[in-house]
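Peer 1: Got a structure here, written out as structure tokens. Questions coming.
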Amino acid sequence: MSLTLTPARRRTAAAVLTAALLAPLAACGNGDDTKTDAAGPSGSATASGSASGAPAANLTVLAAASLTDVFKTAGAAYEKSHPGTKLTFSFAGSQELVAQVSQGSPADVLVTADTKSMDKVKADTGTPAIIAKNRLVIATGEGNPFKVDDLKDLADTKLKVVLAAPEVPAGKYSKQILDAQKVTVKPVSQEPNVRAVLSKVELGEADAGLVYKTDAASAADKVDAVEIPDDQNAIAKYPAATIKDSKNAEAAAAFVAWLSSPEGQKILQDAGFQKP
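Right, dumping it as structure tokens:
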């Protein structure tokens, strides 16, 4: 038996069918709109970050070991004032960082403890800017038990002296100032970065070592710092540059510029670094 619909019933049935067909399409459309608003037309996060709070840029910063403490502080401050940007630091000796850049390791910013290291990868980086300076001190055990007063005391064969390796900026600076004073030191070890030198002194595995002033300050409760006169010292310069292969060129350049800003400079100088 066939069922005959009146015109009014046909209109009602059509309306119900139309609503049923459009409901899933409307749901899909709302989902797409939400995605577009969060990620932008291209599907990537916008400069201010996504609606879900995802970072707009994840920056990898290769930095000299002597910047370990201050860059952790600087990184927290930068992320706070730049919502949507996340900084990941990789700390090592400058020579190791330069090797990573030369080998194409993915990163966005490079900061070394000397200009010569940066010069080795000038084809891979943007124009560097000096963000800070530093000087060497003699680190000794707490209380300076061996009464080390100056560079000449490091020649005492009874002392266990540790230095950074010659290819490390801190090692180059150490050799420079020791040679200038005609002081011959036979180190018990040569370390891959300046923080390893500091660690040896902290642990009592060495009686003295040459480190940056900021390194000794970071461990003031464990080591003493013997100042080296300016006319016998060396000035360490820290250049910062973007890496040309960075996937986040604009964000990387913004961070490098911020390091020279009043906020960035205050953090560096509060940690004992000198003005560039």
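For the sequence shown, the numbering used here begins at 1031 and goes up steadily by one.
Beta carbons: idealized from backbone N, C-alpha and C, even for Gly.
Model, not experiment: these values are computed from the prediction.
(1) Ignore the nearest five residues each way along the sequence and tell me which others in Leu1160's own chain have a CB closer than 6 Å to its CB.
(2) Look up Ala1162 in the DSSP assignment and say whether it is helix, strand or coil.
(3) Would you kindly work out how many angstroms separate the C-alpha atoms of Ala1107 and Gln1295, rounded to a whole number?
(4) Suppose the cutoff is 7 Å on Cβ atoms and the five residues either side in sequence are ignored; what does the same chain contact list for Ala1095 look like?
(5) Taking the beta strand (DSSP E) that Ser1219 belongs to, which residues open and close that run?
(6) Nearest-angstrom Cα distance between Leu1233 and Val1286?
(7) How is Lys1190 classed by DSSP in three states: helix, strand or coil?
(8) Across the stretch 1129–1145 and the stretch 1210–1219, are there enough close Cβ pairs to call them in contact, namely three or more that are closer than 8 Å?
(9) According to DSSP, Lys1116 sits in a beta bridge with which residue or residues?
(10) Please return the same chain residues whose Cβ sits closer than 7 Å to the Cβ of Phe1145, not counting the five positions on each side in sequence.
(11) According to the neighbour-count rule (16 or more other Cβ atoms, all chains shown, within 10 Å of its Cβ), is Ala1282 buried or exposed?
(12) DSSP state of Asp1180, grouped into three classes?
(13) Buried or exposed for Ala1250, please, with buried defined as at least 16 other CB atoms from any protein chain shown within 10 angstroms of its CB.
(14) If we ignore side chains and look at the alpha-carbon of each, how far apart do Ala1301 and Ala1236 end up?
(15) Spatial neighbours of Asn1088 within its chain, please: C-beta separation below 6 Å, excluding the five flanking residues on both sides.
(16) When we look at the beta-carbon of Gln1125 and count the other beta-carbons within 10 Å, is it buried (16 or more) or exposed?
(17) Taking only three categories from DSSP, how would you classify Gly1302?
(18) Just to check my reading of the structure: Ala1169 and Ala1246 have Cβ atoms closer than 8 Å, yes? What is that Cβ distance to the nearest angstrom?
Peer 2: According to the data block:
(1) Taking the sequence shown and counting its residues from 1, one reaches residue 1160 at position 130. Position check: residue 1160 holds Ile in this sequence, whereas Leu was assumed. Same-chain partners within the cutoff: Lys1267, Pro1269 and Pro1306.
(2) Position 132 of the sequence shown holds residue 1162. Ala1162 falls in the strand class under three-state DSSP.
(3) Reading the sequence shown from its first residue, position 77 is the one you call residue 1107. Reading the sequence shown from its first residue, position 265 is the one you call residue 1295. Distance between the alpha carbons of Ala1107 and Gln1295: 12 Å.
(4) Position 65 of the sequence shown, counted from the first residue, corresponds to residue 1095. The beta carbon of Ala1095 sits closer than 7 Å to the beta carbons of Phe1121, Ala1122, Gly1123, Asn1223, Val1224 and Arg1225 from its chain, once the five residues preceding and following it are set aside; these are given in chain order.
(5) Mapped onto the sequence shown, residue 1219 falls at position 189. Looking at the DSSP string, the run of the beta strand (DSSP E) that includes Ser1219 is Ser1219 to Glu1221.
(6) The residue given as residue 1233 occupies position 203 in the sequence shown. The residue given as residue 1286 occupies position 256 in the sequence shown. Straight-line Cα distance between these residues: approximately 35 Å.
(7) Residue mapping note: residue 1190 aligns to position 160 of the sequence shown, counting from 1. Looking at Lys1190 - three-state DSSP - the assignment turns out to be coil, as it is neither helix nor strand.
(8) no
(9) Counting from one through the sequence shown, the residue named residue 1116 turns up at place 86. Its beta-bridge partners are Asn1088.
(10) On the sequence shown, position 115 is the one that residue 1145 refers to. Sequence inspection shows Thr at residue 1145; the Phe mentioned does not correspond to that position. Around Thr1145: Lys1267 and Pro1269.
(11) Sequence index remark: in the sequence shown, residue 1282 carries index 252 (1-based). It is buried - the Cβ of Ala1282 has at least 16 other Cβ atoms within 10 Å.
(12) One-based indexing of the sequence shown puts residue 1180 at position 150. If DSSP states are grouped into helix, strand and coil, Asp1180 belongs with coil.
(13) Along the sequence shown, one-based indexing puts residue 1250 at 220. Exposed, because fewer than 16 other Cβ atoms sit within 10 Å of the Cβ of Ala1250.
(14) Stepping through the sequence shown from its first residue, residue 1301 is reached at position 271. Stepping through the sequence shown from its first residue, residue 1236 is reached at position 206. Rounded to whole angstroms, Ala1301 to Ala1236 spans 25 Å at the Cα level.
(15) Reading the sequence shown from its first residue, position 58 is the one you call residue 1088. Same-chain partners within the cutoff: Lys1116.
(16) The residue given as residue 1125 occupies position 95 in the sequence shown. Gln1125 is buried by the Cβ-count criterion.
(17) Your numbering for residue 1302 matches position 272 in the sequence shown. In this structure, Gly1302 counts as coil in the three-state DSSP scheme.
(18) What you label residue 1169 is simply residue 139 of the sequence shown in a count that begins at 1. What you label residue 1246 is simply residue 216 of the sequence shown in a count that begins at 1. Confirmed, about 5 Å.
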